[in-house]
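*Asks:*
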Amino acid sequence: MRLIVMGQQAFGKDVLAKLIDTGKDEVVAVYCEPDREGKPVDPIKEFALEKGLPVHQPANFDDPEALKVLASYDADLMVMAFVNVFVPEAARDTPKHGSICFHPSLLPLHRGPSAVNWPIIMGSTKSGYSWFYPSDGLDEGDSLLQWECEIGPDDTVIDLYFKKIYPHAVQSVLTVCDLFRAGNPPHIVPDESRASYERRCTKTHARIDWHKPVKQIYDLIRGTNPAPGAWSTVDGAELGIFDCARVAGDGISGKVMAVGEEGVTVQCVGGRILIKRVRPAGGEKQPAAAWAEATGIEKGSRLGT
0 MRLIVMGQQA
10 FGKDVLAKLI
20 DTGKDEVVAV
30 YCEPDREGKP
40 VDPIKEFALE
50 KGLPVHQPAN
60 FDDPEALKVL
70 ASYDADLMVM
80 AFVNVFVPEA
90 ARDTPKHGSI
100 CFHPSLLPLH
110 RGPSAVNWPI
120 IMGSTKSGYS
130 WFYPSDGLDE
140 GDSLLQWECE
150 IGPDDTVIDL
160 YFKKIYPHAV
170 QSVLTVCDLF
180 RAGNPPHIVP
190 DESRASYERR
200 CTKTHARIDW
210 HKPVKQIYDL
220 IRGTNPAPGA
230 WSTVDGAELG
240 IFDCARVAGD
250 GISGKVMAVG
260 EEGVTVQCVG
270 GRILIKRVRP
280 AGGEKQPAAA
290 WAEATGIEKG
300 SRLGT
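Heads up: the sequence shown begins at 0 in numbering that gives the first Met the number 0, then just goes up one per residue.
1) What three-state label does DSSP hand residue 288 in the structure shown?
2) What is the DSSP secondary structure of residue 170, counted as helix, strand or coil?
3) Opposite residue 145 in the DSSP bridges: which residues?
4) What number of angstroms, rounded off, separates the C-alpha of residue 198 from the C-alpha of residue 53?
5) So, are the CB atoms of residue 207 and residue 240 less than 8 Å apart?
6) List the residues that DSSP assigns as beta-bridge partners of residue 101.
7) Would you list, in sequence order, the uninterrupted beta strand (DSSP E) runs of no fewer than 3 residues that lie entirely inside the region 258-289?
8) For the beta strand (DSSP E) containing residue 240, list its first residue and its last residue.
9) Is residue 185 a contact residue of the ligand SAH, with contact defined as CB to any heavy atom under 7 Å?
10) Would you report the Cα separation of residue 60 and residue 67, rounded to the nearest angstrom?
11) Taking buried to mean at least 16 other C-beta atoms within 10 Å of its own C-beta, is residue 62 buried or exposed?
12) Look at residue 290 and residue 253 and say whether their C-beta atoms are less than 8 Å apart.
13) In this structure, does DSSP put residue 2 in helix, strand or coil?
14) Residue 6: which of 256, 88, 98 sits nearest, CA to CA?
15) Could you check where the beta strand (DSSP E) with residue 217 kicks off and where it finishes?
16) Does the beta-carbon of residue 266 have 16 or more other beta-carbons within 10 angstroms, so that it is buried, or is it exposed?
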């Protein structure tokens, strides 16, 4: 088949590389977001140019000329791998078989831009990804295929996305193309009674309330690690909190219960959080033990102040 690949960043680049390396289909063009001043060149653009592929970066697809260029490639399918821009129906339907889009959740669950963060924050035990037929609605439309994986009790965003979803999803683009090539690709109709939409997970959502149950706090920290990063305050200064563990113990919420080589242990409701890695305001990520030593944090200190 003749393919247009639309995407961005490392995932888009790796999907493009997988299609090129396999060689079963011909990538005829690559689409990505416009360059941003002061930002590095998008990896998918850089890779596509290295491979001698035409690259297009329209600001939008309402321009008739942009649609004309898209149609000129006479593509069979447009593979949308990690796309943040809205692509209207006229553009999506230009290829013979239309377009197929990747989303890192089991749709219709967790529609929206932070689909990896929220299942962990909410304490879910499973996630996965979907390739779906995009529509004008956000992450709506039937799915072509879905893949499910476990969210381990200590998984962070790094574990769930980069170690589980990402590698399997890159490989799955070959299955996606095979299903279209075989004809009559599946349509899994979403159960809208199970649908959910979550807004982008931001710094506002990532602030720790040490008076919450320990599991909620632990899920928040690992569900925002590495981004946007959970945080608290110490004497009014922000402190980013990353790698951590749950430990048993009772006491006054927000109080430092121990400081040692492993890190700083803080009391919550029903248990404690052992903080292993932090980032002080204006500083770099560092072991929590080193931060505590440098700032004089000791048993009895308070977080959230």
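Even for Gly, the Cβ is constructed at its ideal location relative to N, Cα and C.
*Replies:* In this structure, then:
1) Locating residue 288 in the sequence shown gives position 289, counting from the first residue. Residue 288 falls in the helix class under three-state DSSP.
2) Mapped onto the sequence shown, residue 170 falls at position 171. Note: residue 170 maps to helix in three-state DSSP.
3) Taking the first residue of the sequence shown as 1, we reach residue 145 at position 146. Paired residue(s): 129.
4) Position 199 of the sequence shown, counting from 1, holds the residue named residue 198. Position 54 of the sequence shown, counting from 1, holds the residue named residue 53. Approximately 34 Å between the Cα atoms of the pair.
5) Here residue 207 refers to the residue found at position 208 of the sequence shown. Here residue 240 refers to the residue found at position 241 of the sequence shown. Yes, Cβ-Cβ distance for residue 207 and residue 240 is below 8 Å.
6) Taking the sequence shown and counting its residues from 1, the one referred to as residue 101 is at position 102. According to DSSP, residue 101 bridges with 130.
7) 262-267, 270-274, 276-279
8) Residue mapping note: residue 240 aligns to position 241 of the sequence shown, counting from 1. Residues 236-240.
9) This structure lacks the ligand SAH; in fact it carries no ligand of any kind.
10) Numbered from its first residue, the sequence shown carries residue 60 at position 61. Numbered from its first residue, the sequence shown carries residue 67 at position 68. The straight-line gap from Cα to Cα measures roughly 10 Å.
11) Within the sequence shown, residue 62 is the residue found at index 63, counting from 1. So residue 62 ends up on the exposed side.
12) Here residue 290 refers to the residue found at position 291 when the sequence shown is read from its first residue. Here residue 253 refers to the residue found at position 254 when the sequence shown is read from its first residue. It is not a contact, given that the beta carbons lie outside the stated cut-off.
13) Position 3 of the sequence shown, counted from the first residue, corresponds to residue 2. Residue state, collapsed to three classes: strand.
14) Here residue 6 refers to the residue found at position 7 when the sequence shown is read from its first residue. Residue 6 has its Cα closest to that of 98, out of 256, 88, 98.
15) The count along the sequence shown starts at 1 and reaches residue 217 at position 218. It is not in any beta strand (DSSP E) - residue 217 instead sits in the alpha helix (DSSP H) that spans 213-222.
16) Residue mapping note: residue 266 aligns to position 267 of the sequence shown, counting from 1. So residue 266 counts as buried.
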